[in-house]
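Just add 222 to wherever you are in the sequence shown, counting from 1, and you've got our numbering. The structure appears below as structure tokens.
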Amino acid sequence: MKFLGRNWFVAVICGAVFLFVLFPYLFQGKLIRGDSADGVIAYMSFLEQSFKKGESPFWNPYGAGGFPSFVSYSFPYNPLNLLLYLAPALFVHHWGLWLVLATSLFLMILLVRELGGGLIAGFIAGLSFLIAMMLYENNVYSAVAFAFQPFLFWLILKLVKTEKRSLSILYIAILALALAFVWLSAGSNYQFTVYTVITAFVWLIYWANHHKRKFFPLALKLTLGCAFGTAIGILGILPALTILGNLSLREGGLSFEYVTSTAPVRWSDIVLFVNPFFEGRSAETFLYMGLLPLIFLIASFFVKNVPHKKLFIFLFLIPLAIAFYKSPLLWAIQQLPILSYFRHPSRWMIVGSFGASILAGLGGERILARVKEKVKISDRKWLLIVALVIISIVIDYRIVWQKKFAIESPKAEFLINNSSPKQLKELIQTREAGRVLSVLPDDSVSVFYWALTGQGPPRDADLKAKIDAAYLHPNDQLFYGIETIELTDNLPLRMGRYLSLVGARISGGDYGESNLIKYPGMPIDRLSLLKQRSSLLNFLGVRYLLSGFDLREVGFDYQNLGRVRVEGVKEAGYAFGVNVYENTGAKPLAYFSKITDFTQNADQSYDTFKANDFRGVFVECADCGSITEAGGKIEILEKTNGRAILHSESDGVRFLIFSQNYIPGWGAWIDSVETEIFRVNAAFMGIFVPTGEHKIRFDFRYSELLNPKFYFNE
């Protein structure tokens, strides 16, 4: 209470700043464009629905054959997500974001004051840092990592200064809990936290030397805090790394050539320091921190008596050097364990922007103090000048935020209540279950808009979003419970190759295949190529195709179920619509099939399947010994997230294909006896089923991903 008593006014001001910045989202129902709209809010909605239904939140069955939900986003039971038991996803995300951003600013002010700066320096530093991190902070899970950085460094200063054992133990415990929360919130963006923890030891070396304290006892305390926090966070870290390490492009680590090509900082990106909307950027971060703070930053290099200036120059320039394209420092870092799995070098600027922001804050305060000394100004006028400086940065933040992330119209209900997915759900809910593929959606938006209006692609982002929504906007499936062949991340290597071949918008990377979205031919050529891969569509369970094109022109014989309208689009008097086709040859969730051959590994299975024009069943099994026949009946008794209960009947041994992604954690039981799962065609699961009638259960067991056998080859 004593701590809050001294700082309550600052906390209130920090909260008020972000009430102003986030006002349209908190009070007007607007939706933040970017990761929050396309990913986080949709994911939170999925968790909210799972909690209400009592289903597992660990398995998302709605994209690309199912995928563990916690790999792309956060641990389902992190403290923030637990609020979904009490409030809707949109409310939890926006107010959670407000709390995290306000806390980040408050903690930056505390840290700067601990460094010897004043309230002015703290506000300049805090707002500058958050402006620089704006590209990520619309995602509440990533934003948690930004609040952790000033908090960790503030806590280290407290740890260095205290000699009381009881206080040291308290600081270690607080550090552990804070780090655990960050690990469980961060999802797959662990690198933000890893970079912060690495920098924390650099920070500790400096301050131990500055205060003439022994480094190793302090390092032990910091290590203990990080170790305890990581031990708790292991609930989210190990399972996610199991998936990332075994099934993604990151398997075995990433090459320097690949990493340095993924969003580095190039010389042309220097313009981002003054123009955050420069279109030619390659850097993933905004290097922009506000024009006024940038002036303070540059001036601070030449102003004397800026506290600890060399430290913050180091924290600014070294990460910037690492982030540069083909940086030798980046190459050295990529040779280290753990760090070799991270891409996007520009993300090192979470540390660089932190150092630059504190330097700008401390330097700006010194500059303003010199102005007051040299010019006779009354206290009232001085207070007005200081207020204008801070307000200018806040307004700059608001303007940049609105331009980058605001959806002015329609309101947040757009993605949740848009009529196109509703119509699609109504159209297919009475038919046989199956997955949906949007055929060449990006081309369709441009081509059809041009064809109907005589103009180029729609420039209005809202209009394009409405048209795109008719093709099932990414993550709409989480709102409506529609299974698609899309996935919102590029993690599953095996499935990613197939997604690339059938033209999914987010295809999981470039595998050297004829990706239908990237294929250089005209749309009609790509549709012809898709027709050649219709057997792959069958295997993937794609039962419904959305297309503005007439698929019959390229030889598809799929039934046209009708058109899905795009509501709210009345350009040039035309009504946009998308055809819905039904592929009756699509395989269901579970079915018996004859085995074509046995293979040794996933790569061989994929190559053989592809060479066979995506026909046949190739099972990874070295000693199965026999090829079963098809035939028999399967009835789905129950299907929920990560669980399916089936009833089977056959007059001989059969092979059952369960078309969910083959991922560690799944188990299969026949009449309550666990049986071995085999990988089929490099992607899905399969089991042998004995003659007769049986009750079969498939379960995704999250706890199995914590099993030591995955990490110690037991």
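Idealized CB from N, CA, C, for every residue including glycine. Please read all numbers here as calculations on a predicted model, not as lab measurements.
Contact annotation: residue 650 and residue 349 have beta-carbon atoms that are not nearer than 8 Å. Partner residues in the beta bridge of residue 290, as assigned by DSSP, are 281. Distance check between residue 758 and each of 750, 767, 808 places 808 closest, using alpha-carbon atoms only. Within its own chain, the residues whose Cβ lies closer than 6 Å to the Cβ of residue 411, once the five positions on either side in sequence are excluded, are 364, listed in chain order. Taking 8 Å as the cut-off, the beta carbon of residue 534 is found closer than this to the beta carbon of residue 580. Assigned with DSSP and collapsed to three states, residue 835 falls in coil, not helix or strand. Our two residues, residue 655 and residue 400, have alpha carbons roughly 44 Å apart in a direct line. Boundaries for residue 511: no alpha helix (DSSP H) harbours it, and the DSSP string shows neither H nor E there. Assignment of residue 565 by DSSP, reduced to helix, strand and coil, places it in the coil class. Nearest neighbour of residue 327 by Cα position, chosen from 435, 904, 846, 233, turns out to be 233. In the three-state scheme derived from DSSP, where H, G and I count as helix and E and B as strand, residue 583 is classed as helix.
Restricting attention to 545, 905, 564, 487, the CA atom closest to the CA of residue 463 is found in 564.
By the neighbour-count criterion, in which a residue is buried when 16 or more other Cβ atoms sit within 10 angstroms of its Cβ, residue 320 is buried. In this structure, DSSP gives residue 648 a helical state, which the three-state scheme calls helix. Excluding residues up to 5 positions away in sequence, 351, 371, 537 lie with their Cβ nearer than 7 Å to the Cβ of residue 576 in the same chain.
By the 16-neighbour rule on beta-carbons within 10 angstroms, residue 747 is exposed. Assignment of alpha helix (DSSP H) within the stretch 302-387, counting only whole runs of 4 or more residues, yields 311-336, 341-354, 356-359, 362-383 in chain order. Around the beta carbon of residue 290, a 10 Å sphere encloses 16 or more other beta carbons of the protein chains shown; the residue is thus reported as buried. Around the beta carbon of residue 924, 16 or more other beta carbons sit within 10 angstroms, so the residue counts as buried.
Within 10 angstroms of the beta-carbon of residue 761 lie 16 or more other beta-carbons, which makes it buried.
It is roughly 20 Å from the alpha-carbon of residue 715 to the alpha-carbon of residue 752. For residue 812, the enclosing beta strand (DSSP E) starts and ends at 812-814.
Using a C-beta cut-off of 8 Å, the stretch 591-599 makes no contact with the stretch 322-337, since fewer than three inter-stretch Cβ pairs fall below that distance.
Residue 742 and residue 723 have their C-alpha atoms some 14 Å from each other. Here the C-alpha atom of residue 501 lies approximately 12 Å from the C-alpha atom of residue 492.
By the C-beta density criterion, residue 308 is exposed, having fewer than 16 other C-beta atoms within 10 angstroms. Of all alpha-carbon atoms in 815, 887, 377, 294, the one lying nearest the alpha-carbon of residue 931 is that of 887. The Cβ-Cβ distance between residue 822 and residue 804 does not fall below 8 Å. Secondary structure note for residue 887: it is in no beta strand (DSSP E), with a DSSP letter that is neither H nor E. Sequence-distant Cβ neighbours of residue 767 in its own chain, meaning closer than 6 Å and more than five residues away, are 659, 661, 803. In this structure the stretch 285-303 does not touch the stretch 390-398; the number of beta carbon pairs closer than 8 Å is below three. The three-state secondary structure of residue 423, taken from DSSP, is helix. The alpha-carbon of residue 718 is positioned some 42 Å away from that of residue 242. Remark: C-beta atoms of residue 890 and residue 867 do not approach each other more closely than 8 Å. The C-beta distance from residue 922 to residue 280 rounds to 6 Å, short enough to meet the 8 Å contact threshold.
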